[in-house]
Amino acid sequence: MSDLGKRTLEILKRFLSVLRSQPAIGVGLTVVLAMLLAGFFLPLPYSPTRPDPLNVLQPPSSLHWFGTDSDGFDVFSRTIAAAARDLPLALIGTFLSALVGVPLGLLASTKGPWSERIMRGLDVFQSFPLVILAIAIVTLMGNRLENVVIAILIVNVPRFMRLVRSEALSLRESRFIEAARAVGATPIRVMRKHMFPNVVGVALAQTSIAAAQAIGIIAALSFLGVGVSPPNPSWGLMIQTGVRSITTGDWWVVVFPGLAVLIAVAAFNLVADGLQMRQENER
Amino acid sequence: MSETKLLDVRGVVANYDSPRGVVKAVNAVSFSADRKEMVGIVGESGCGKSATIRALLGLIRPPGKVVEGEVLLDGQDLLKMTKKEIRQVRGDKIGFVAQNPFAALNPIYKIHKQFHNVIRAHEGRSSSRSTRKRAVDMLTAVGIPGPERILDGYAHELSGGMAQRVVIALALILDPELIVADEPTTALDVTIQRQILDLLRRKTVDEGRSLLLVTHDLGVVAQYCDRVVVMYAGKVVETGLVSEVFARPAHPYTLGLLQSVPRRGLKVRTLGGRVPSLIDYPPGCAFADRCVFAIDRCREDIPELRPAFPSGRGVREVRCHVNEQEVFADAAVDR
Amino acid sequence: MPLLTVRGLTKSFQRSGRDAVHAVNDVSFEIDHGETLALIGESGSGKSTIGRLLLRLLEPDAGTIELEGTDLLALRSSALRAMRAKMQVVFQEPYESLNPKMRVGDIVAEPLQIHEPSMSRTDLRERVRATLEEVGLDADQAERFPRGLSGGQQQRVGIARALITRPALVVLDEPTSSLDLSVQAQILEILHDLQEAHGLSYLYISHDLSTVSYLAHRVAVLYLGQIREQGPLEAVVQNPQDPYTQALLAAFLDPDVTVAPSRSRMLAGEIPDPTRLPEGCFLYGRCPVRVDSCRSEPSVLRLLGPKHYGRCIRAPLSDEDWNDASDSNAPGRSS
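Given below as structure tokens:
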């Protein structure tokens, strides 16, 4: 038990030292965390799912800070509430992508006919425009949240696989992998103990990039009406309703959810940049 | 020797700023080199030998800087020159041969183009035909068969030994008086090493140049150099004629290095410990912690270079408080 | 029965679109219990490839390898992995051969976790501690990462990892060539002491004559993937019979200034392309003492003295043979 405590303490220490050397990671994580907490716990002035048909397209005021949209929804309440849906969706989709893509990438780096076959299969698969494929699949399978996650997986798993495979291929040539084989480590052990810890860094950086893209994918799906279904709040959905109002000069409907997307994406990219810098420095 | 030396390095200090403090990479280094003389600079990694030659070539870049000293080449101080002037001197008066010939040659230019560029940079316009003629002569002089073919090829088509000959030819094309060679044979095979060292010796002694040879290989110094500068922790700890220093080392570090060469039947004598950090320089002698001869004074008082074995030939200096007779007596026990 | 018997080992590397490189050509040797056989050769001689073939880190094209009577090449993968407890390796690059994300203690413990999975954690920790101390590291260095260690300490970790399963044979692939002289001496001493203490057998791969003469009992000289000469250290070093061995020994630069280098015994040119092996004697193109029959007669190892084998048909070669050669028909004397 004390051993476990020691390990946890050490991981915490390492995490802190990472934050100290790359403050961008801390800034990015704080912003994401703040958005999540606000989405779940911030008391909202109006219900994000019940519109007020008497107050449509109100400009920002002390009553409606971000104004209201053409259905009478309070833009502020919805922008905040959407974070509780869009961000977890993006994070879950991304982590699942990493969970599937990293081991597959490691496996695909082994020598052998079937790893070649995996890569050829991936080539064929990736020759489709993946975002469009994802949209098609979600459209066919129905407007459910699980399907949004699947769409994120379709786009991201191949990326993780390629990245991890190329890292693993160069690791395979390294002396310490040869040394591990020389002491009698099985191929599985080599992957688990020697290759995996050395690709975690790049995989984490890729996770942050993928999370930023997932925000975009969710927004795109909702914008096209196949992701989160109304009246549930989602930034993509809000932008879609907002676009219709922008021609009449009612800018606030589209600008605030747009800014939210921008901030979330920027925060994830900050984390990714920090992680990448750290990788570079370690080399 | 009343006439001035070709190269006279006097009290050069070069520091590097690092996050943990100032690294004293070159700490009041002085030595000289005469015409027709090969001077070996030896020491282990981190002793400051590479930083020393970078300092005298004007190649120390921020965060490093030379803060003190003079580097007199033919009486002119290289450290007072502008960047442009020093660039002229490199090539015109100093030829440089690096450890890895493939890093020294440009992979995308033909060999002839590289000769052409060097000549044009230093002598202004010159026709391709005339530079070609000079390059052929020089490649022949460094023992390259079929120089015409080599000139029309690229660096990657050469073997390591041939590439190093090309680098030497490039270093010599402007007829410099001083050749600086940084581990010129470390990357080469032993049977090639002799060929290259013989070539450098011929170009130095027969043609009246002077050669600074930076190396960690005591055998190279013993068999090729005339004088030796032994460096430790950024300082010169011993200088003198190779025949004297290697036969009768006066500094315990020199002795330790010589005894580290493994030989059949003899137990290798090992120097314990490590080179101290060049940031927290110890109050006394930097070698004291590893030294079997160390006395109390060594840990308090920084030793200065002083004459050693005054009865011997040539100027002999050592940076040590311990009497050199005592050090040498210990060396003799081993033989 | 010798510990290791290698017969007719052959390996060439196929390269897509280009000629195959013949790295190892019909190599046979034995290693006894507690013995060190040195494989000495220049780059491209195939010495490191032989080490990897022995450990089946590479698969040979032909030949047999027997360790303690077991035919290694007949083993399936799981049986081979079990066998790896008995044969270990120390690589040239100390840092690159350690996983940067693992602690020293975990690196050293891994072979035991693999080969003795039932061992308790306290026993494991105790063995790691004992092994670290045996190679001259403190037990508390087990908690550190390789990055924080010096080159010498990293190589000690590599040795500890190779030793912890108490192997019979250790392949040492230039274990000291990237280390400083004083550190090299420490590592050699450890390797020597460990051999005495545990009766280890070493295959010592090197290009450096001084370390070979310190560590080896027998020597095999490699050239173009072929053994040119093989025999007891004294016989090969003091009475070499092959012109390549003689040139290799002559190329060694002794740090002892009283030993004059041989100026006559030098080979012409460079190592030929290993994609096209020469006919007859592999050395023909570079050999100053060659005769016409060197090309026509098959090149075989023949007995020259007690346990001393060589390929040269002109053996024994005298100084006069070399002197005659340097005056007359040598192939383009090296410049």
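Protein chains in written order, with this note's numbering: chain Z, 248 to 530; chain S, 238 to 572; chain R, 3 to 337.
Quick reminder that beta carbons are idealized off the backbone N, C-alpha and C, glycines included.
Quick caveat: nothing in here was measured; it's all calculated off a predicted structure.
Partners in chain Z for residue i, counting only beta-carbon separations shorter than 7 Å
| i | result |
| --- | --- |
| F93 (chain R) | R422 and A426 |
Own chain, CB closer than 8 Å to residue i, minus 5 neighbours either side, in chain order
| i | result |
| --- | --- |
| L301 (chain Z) | G319 |
| M366 (chain Z) | A355 and R412 |
| P62 (chain R) | L11, T12, K13, V26, L55 and L75 |
| R20 (chain R) | T277 |
| G248 (chain S) | A265, V266, S267, E305, G306 and E307 |
Neighbouring residues, chain Z, relative to residue i (Cβ below 8 Å)
| i | result |
| --- | --- |
| A132 (chain R) | Within 8 Å Cβ-Cβ: nothing; A132 (chain R) doesn't reach chain Z, min ~18 Å. |
| L56 (chain R) | Chain Z residues near L56 (chain R): none, gap ~11 Å exceeds 8 Å. |
| E128 (chain R) | Neighbours of E128 (chain R) on chain Z: none; closest Cβ ~17 Å, over 8 Å. |
Minimum Cβ-Cβ distance from residue i to chain R less than 8 Å
| i | result |
| --- | --- |
| P489 (chain S) | no |
| R431 (chain S) | yes |
| A355 (chain Z) | no |
| P519 (chain S) | no |
| V555 (chain S) | no |
| G359 (chain Z) | no |
| S396 (chain S) | yes |
| S480 (chain S) | yes |
| A429 (chain Z) | yes |
Short CB-CB distance (under 8 Å) between residue i and chain S
| i | result |
| --- | --- |
| Q37 (chain R) | The question names Gln, but residue 37 (chain R) in the sequence shown is Glu. With 8 Å as the cut-off, E37 (chain R) does not count as an interface residue toward chain S. |
| E44 (chain R) | yes |
| T213 (chain R) | yes |
| M268 (chain R) | yes |
| E272 (chain R) | yes |
| H310 (chain R) | no |
Chain R residues whose Cβ lies nearer than 9 Å to that of residue i
| i | result |
| --- | --- |
| N445 (chain Z) | N101, P102 and K103 |
| T433 (chain Z) | S79, S80, R83 and I116 |
| L508 (chain S) | L183, S184, V185, A187 and Q188 |
Beta-carbon separation (whole angstroms), residue i vs residue j, contact threshold 8 Å
| i | j | result |
| --- | --- | --- |
| R336 (chain Z) | A458 (chain Z) | Before going further, note that residue 336 (chain Z) is Leu rather than Arg in the sequence given. 10 Å between Cβ atoms; not a contact. |
| T428 (chain S) | E44 (chain R) | 6 Å |
| P295 (chain Z) | A328 (chain Z) | 4 Å |
| S208 (chain R) | I52 (chain R) | Wrong, their Cβ atoms sit about 12 Å apart, outside the cutoff. |
| V574 (chain S) | I410 (chain S) | Because residue 574 (chain S) is not part of the residues shown, which for chain S are 238 to 572, the question remains open. |
| T476 (chain S) | R464 (chain S) | 7 Å |
| P413 (chain S) | I278 (chain S) | With 8 Å as the limit, P413 (chain S) and I278 (chain S) do not qualify as a contact, their Cβ atoms being about 18 Å apart. |
| P148 (chain R) | V159 (chain R) | 7 Å |
| I161 (chain R) | I192 (chain R) | 7 Å |
Minimum Cβ-Cβ distance from residue i to chain Z less than 8 Å
| i | result |
| --- | --- |
| R83 (chain R) | yes |
| H117 (chain R) | yes |
| Q186 (chain R) | no |
| R86 (chain R) | yes |
| P333 (chain R) | Bear in mind that the predicted position of P333 (chain R) carries a pLDDT of just 44, short of 50, making it too unreliable to give a figure here. |
Residues near residue i by beta carbon distance below 6 Å, same chain, minus five either side
| i | result |
| --- | --- |
| L542 (chain S) | E554 and R556 |
| Y490 (chain S) | Y469, V474 and F524 |
| L285 (chain R) | Y246 |
| R220 (chain R) | L39 and P234 |
Cutoff 7 Å; reference residue i; Cβ partners in own chain excluding five residues on either side
| i | result |
| --- | --- |
| A332 (chain R) | Below a pLDDT of 50, predicted positions are generally treated as unreliable, and A332 (chain R), at 43, falls in that range; no measurement from the model is reported. |
| M375 (chain S) | A406, L409 and I410 |
| L57 (chain R) | M89, V91 and V173 |
| L494 (chain S) | L455 |
| S215 (chain R) | L235 and V239 |
Contact list for residue i against chain S, beta-carbon separation under 8 Å
| i | result |
| --- | --- |
| D258 (chain R) | A459 and F483 |
| L183 (chain R) | E281, H453, L455, L494, S497 and V498 |
| F254 (chain R) | V427 and G456 |
Distance cut-off 7 Å: residue i Cβ against heavy atoms of the ligand NAP
| i | result |
| --- | --- |
| A406 (chain S) | This structure simply doesn't include the ligand NAP, nor any ligand for that matter. |
Where residue i meets chain R, residues with beta-carbon distance less than 7 Å
| i | result |
| --- | --- |
| V511 (chain S) | Per the sequence shown, the amino acid found at residue 511 (chain S) is Arg instead of Val. Ordered by position in chain R, the residues that pass the 7 Å Cβ test against R511 (chain S) are S152. |
| H441 (chain Z) | N101 |
Contacts of residue i in chain S (Cβ-Cβ under 9 Å)
| i | result |
| --- | --- |
| L250 (chain R) | V427 and T428 |
C-beta neighbour in chain B for residue i, strict 8 Å
| i | result |
| --- | --- |
| F147 (chain R) | No chain B appears in the structure shown, which is made up of the protein chains Z, S and R. |
Are the region 91-107 of chain R and the region 75-83 of chain R in contact at 8 Å, needing three or more beta carbon pairs? no
Validate contact between the region 470-485 of chain Z and the region 250-262 of chain S using beta carbons, cut 8 Å, 3 pairs: no
Three or more C-beta pairs below 8 Å linking the region 427-439 of chain Z and the region 491-501 of chain Z: no
Should the region 382-392 of chain S be regarded as contacting the region 343-350 of chain S, the criterion being three or more beta carbon pairs within less than 8 Å? yes
Please determine if the region 511-527 of chain S and the region 443-450 of chain S are in contact, where contact requires at least 3 C-beta pairs separated by less than 8 Å. no
Are the region 501-520 of chain Z and the region 253-268 of chain Z touching by the rule of at least three beta carbon pairs closer than 8 Å? no
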